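Participant: So the protein lines, in turn, are chains P and E.
According to numbering that gives the first Met the number 0, the stretch in the first sequence is residues 0 to 183, in order.
According to numbering that gives the first Met the number 0, the stretch in the second sequence is residues 0 to 183, in order.
In this text, a Cβ means the ideal position worked out from N, Cα and C, and glycines have one as well.
Given the structure is predicted, the values throughout are model-derived calculations rather than measurements.
Structure incoming, see below.
Protein chains: 2
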Amino acid sequence: MSKIDVREKILDVAARLFYEQGYNLTGINQVIEEAAIAKASLYHHFASKTDLLIAYLEDFNIKWFAGLDNFLKSYTDPKQKLLAFFDYRIARQVERNYGGCAFVKINAEIETEPRVQALVEENKNKARAYIHKLVIQANQAKILSNDALTDTIFLLMEGGMNSAAIFKNTADLESAKKIVKKLL
Amino acid sequence: MSKIDVREKILDVAARLFYEQGYNLTGINQVIEEAAIAKASLYHHFASKTDLLIAYLEDFNIKWFAGLDNFLKSYTDPKQKLLAFFDYRIARQVERNYGGCAFVKINAEIETEPRVQALVEENKNKARAYIHKLVIQANQAKILSNDALTDTIFLLMEGGMNSAAIFKNTADLESAKKIVKKLL
DNA sequence: GTCTATAAGATGATAGAC
DNA sequence: GTCTATCATCTTATAGAC
Chain P
0 MSKIDVREKI LDVAARLFYE QGYNLTGINQ VIEEAAIAKA SLYHHFASKT
50 DLLIAYLEDF NIKWFAGLDN FLKSYTDPKQ KLLAFFDYRI ARQVERNYGG
100 CAFVKINAEI ETEPRVQALV EENKNKARAY IHKLVIQANQ AKILSNDALT
150 DTIFLLMEGG MNSAAIFKNT ADLESAKKIV KKLL
Chain E
0 MSKIDVREKI LDVAARLFYE QGYNLTGINQ VIEEAAIAKA SLYHHFASKT
50 DLLIAYLEDF NIKWFAGLDN FLKSYTDPKQ KLLAFFDYRI ARQVERNYGG
100 CAFVKINAEI ETEPRVQALV EENKNKARAY IHKLVIQANQ AKILSNDALT
150 DTIFLLMEGG MNSAAIFKNT ADLESAKKIV KKLL
């Protein structure tokens, strides 16, 4: 395997294990075993397990928003885009077996690492800004102000993801989508 | 210390450490040290660390709803009770340093224990039922149906708690409360 | 740059004295 | 029922050979 392949392979395995088992319950030994590389190779690419976590979160953040853009690109109506945002999250939760939001999960596991804290905040701020941009164009009913509607959609979505992780289904994400439809 | 005192002391320390540091990052050694008891005493009262976790969650669930009842008892209007529910969660988050919901935290840390899963679900189902009961009496605006309004309040509250854990403030819980006020 | 071997410490849990 | 001492295992991380 080339240098880049090894790094990608490690990130790939770590991303899967951190999400499925949790960061603290995933040992370095399991990562190297499933990636089929030597321990020294991992520490050649990443200075520590924490650094591997940071790299995973940075990578994931980029891929997640790229995936969202791609998912929404077939819609032109901002209202439809907002509703499809829920579909994106529903589809991913089904695929990923209802583990909930990867950033929320890590946030619950890690208490003391400021770099992790910053990356989680950044992800959520970006998501809310993404919603806000669409709300400005989509808010016609005017039941709520643009800012209030942005918060409402953001919080309903976060709440729905929270429920997905707890109840292992997408019922609340579907409900949230329907509620947003009524408020637009 | 009497037998009951020891058990209570262990639960007390475990509750604090599991919430502040996380379950997986809290070792049995730290629990016995801070509780000032011997390791064998802990294992006399609890068969395993998992059993201690279960006892903590059961205990916490009861105390949490008792605290809620107590907090809301001075209000008679169901609409005021619903809004005060948000105040309860805001007050607790300030007190507990924005760690988010204890059940959500545990749910994110533990993947494979069905007893934990059941207790988390039970807590959330009870919270939603609590809201539903108040919504039936409070929903006058009829912007949303009773069921839709119940889900909306529940999800806004969960989303707000999620934000508290991430942003380390109660801004979104306050926003959620204001939104609910408009929808009632 | 990747390998094996190992360090140094923490983990959950138990045995046996008193 | 509480104590001390210890077990076996797992943890992250490093050293040194090739």
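Just confirm the distance between the C-beta atoms of residue 152 of chain E and residue 71 of chain E, as a whole number of angstroms; I'd bet it's less than 8 Å.
Facilitator: The pair is not a contact, with the Cβ atoms about 14 Å apart (cut-off 8 Å).
Participant: Indicate whether residue 108 of chain P and residue 22 of chain P have their beta-carbon atoms separated by less than 8 Å.
Facilitator: Against a cut-off of 8 Å, the Cβ pair of residue 22 of chain P and residue 108 of chain P comes out as a contact.
Participant: Of all Cβ atoms in chain P, is any one closer than 8 Å to the Cβ of residue 25 of chain E?
Facilitator: No - not a single Cβ of chain P is within 8 Å of the one on residue 25 of chain E.
Participant: Quick check on this structure: which residue in E/19, E/126, E/145 and E/129 has the alpha carbon closest to the alpha carbon of residue 135 of chain E?
Facilitator: Residue E/145 is the option with its Cα nearest to residue 135 of chain E.
Participant: Check the Cβ of residue 150 of chain P against every Cβ in chain E and list those closer than 8 Å, keeping chain order.
Facilitator: By Cβ distance, chain E contributes 171, 174, 175 and 178.
Participant: For residue 38 of chain P, which residues in the same chain have their Cβ closer than 8 Å to its Cβ, ignoring the five residues on either side in sequence?
Facilitator: Only 27, 28 and 31 meet the Cβ criterion.
Participant: Please list, in chain order, all residues of the same chain as residue 127 of chain P whose beta carbon is under 7 Å from its beta carbon, the five residues on each side excluded.
Facilitator: Closer than 7 Å at Cβ, skipping near neighbours: 149 and 153.
Participant: Show which residues of chain E have a CB atom less than 7 Å away from the CB atom of residue 117 of chain P.
Facilitator: Per Cβ cutoff of 7 Å: no residues; residue 117 of chain P is ~11 Å from chain E at best.
Participant: So which of P/177, P/87 and P/48 has the shortest CA-CA distance to residue 16 of chain P?
Facilitator: That would be P/48, whose Cα lies nearest to the Cα of residue 16 of chain P.
Participant: Locate the alpha helix (DSSP H) running through residue 151 of chain P, then write down its first and last residues.
Facilitator: That run of the alpha helix (DSSP H) goes 145-166.
Participant: So what's residue 24 of chain E in DSSP terms, helix, strand or just coil?
Facilitator: Note: residue 24 of chain E maps to coil in three-state DSSP.
Participant: Using only the alpha-carbon positions, how far apart do residue 181 of chain P and residue 175 of chain P sit?
Facilitator: Between residue 181 of chain P and residue 175 of chain P, the C-alpha separation is close to 10 Å.
Participant: Taking DSSP as the reference, what is the three-state secondary structure of residue 79 of chain E?
Facilitator: Note: residue 79 of chain E maps to helix in three-state DSSP.
Participant: Run down chain E in chain order and give the residues with a C-beta less than 9 Å from the C-beta of residue 164 of chain P.
Facilitator: Correct list: 103, 106 and 107.
Participant: Can you name, in chain order, every residue of its own chain whose Cβ lies under 7 Å from the Cβ of residue 157 of chain P, other than the five neighbours on each side?
Facilitator: Excluding sequence neighbours, residue 157 of chain P sits near nothing in its chain.
Participant: Where does the unbroken alpha helix (DSSP H) through residue 66 of chain P begin, and where does it stop?
Facilitator: Here the alpha helix (DSSP H) through residue 66 of chain P covers 48-71.
Participant: Can the beta-carbon of residue 137 of chain P be found closer than 8 Å to that of residue 78 of chain P?
Facilitator: Going by C-beta atoms, residue 137 of chain P is nearer than 8 Å to residue 78 of chain P.
Participant: Spatial neighbours of residue 98 of chain P within its chain, please: CB distance less than 6 Å, with the 5 preceding and 5 following residues excluded, ordered by chain position.
Facilitator: Counting only Cβ-Cβ distances below 6 Å, and skipping sequence neighbours, we find 18.
Participant: Which residues in the same chain have their Cβ closer than 8 Å to the Cβ of residue 87 of chain P, if we skip the five residues on either side of it in sequence?
Facilitator: Only 66, 67, 70 and 71 meet the Cβ criterion.
Participant: For residue 61 of chain E, count neighbouring C-beta atoms within 10 Å of its own C-beta (all shown protein chains included) and say buried if the count is 16 or more, exposed if not.
Facilitator: Exposed, because fewer than 16 other Cβ atoms sit within 10 Å of the Cβ of residue 61 of chain E.
Participant: Kindly indicate if chain P contains any beta-carbon less than 8 Å away from that of residue 33 of chain E.
Facilitator: Not an interface residue.
Participant: Among the residues of its own chain, which have a CB less than 7 Å from the CB of residue 112 of chain E, if the five just before and after it don't count?
Facilitator: Excluding positions up to five away in sequence, the list reads 49.
Participant: Near residue 63 of chain P, which residues of its chain fall below 6 Å by C-beta distance, leaving aside the five closest residues on each side in sequence?
Facilitator: Around residue 63 of chain P: no qualifying Cβ.
Participant: Would you grab the beta carbon distance between residue 59 of chain P and residue 117 of chain P for me? Rounded to a whole angstrom, and I think it's under 8 Å.
Facilitator: Their Cβ separation, rounded to whole angstroms, is 14 Å, which puts residue 59 of chain P and residue 117 of chain P out of contact at 8 Å.
Participant: What does the alpha-carbon distance come out to for the pair residue 129 of chain E and residue 172 of chain E?
Facilitator: Rounded to whole angstroms, residue 129 of chain E to residue 172 of chain E spans 18 Å at the Cα level.
Participant: Does DSSP classify residue 91 of chain P as helix, strand or coil?
Facilitator: Residue state, collapsed to three classes: helix.
Participant: CB residue 9 of chain E to CB residue 44 of chain E, shorter than 8 Å?
Facilitator: Yes; because the gap between Cβ atoms is below 8 Å, this pair is in contact.
Participant: With a threshold of 7 Å (Cβ to nearest heavy atom), would residue 90 of chain E be considered close to the ligand MG?
Facilitator: In the structure shown, the ligand MG is absent, as is every other ligand, since no ligand is present at all.
Participant: At the 8 Å Cβ level, is residue 143 of chain E part of the contact set with chain P, yes or no?
Facilitator: Yes, contact with chain P.
Participant: Would you give the residue range spanned by the alpha helix (DSSP H) that residue 178 of chain P belongs to?
Facilitator: 170-182 is the span of the alpha helix (DSSP H), which, as asked, contains residue 178 of chain P.
Participant: For residue 92 of chain E, does the count of other Cβ atoms within 10 angstroms reach 16, so buried, or fall short, so exposed?
Facilitator: Answer is buried; the Cβ neighbour count reaches 16.
Participant: Are the Cβ atoms of residue 164 of chain E and residue 106 of chain P separated by less than 8 Å?
Facilitator: Closer than 8 Å, so yes.
Participant: What are the residues in the region 64-92 of chain P lying within 7 Å of chain E by C-beta distance?
Facilitator: Listed in sequence order: no entries.
Participant: Going by the CB atoms, is the gap between residue 36 of chain E and residue 115 of chain E shorter than 8 Å?
Facilitator: Cβ atoms of residue 115 of chain E and residue 36 of chain E: not closer than 8 Å.
Participant: Less than 8 Å between the C-beta atoms of residue 55 of chain P and residue 13 of chain P, yes or no?
Facilitator: Yes, the pair counts as a contact, with Cβ atoms nearer than the cut-off.
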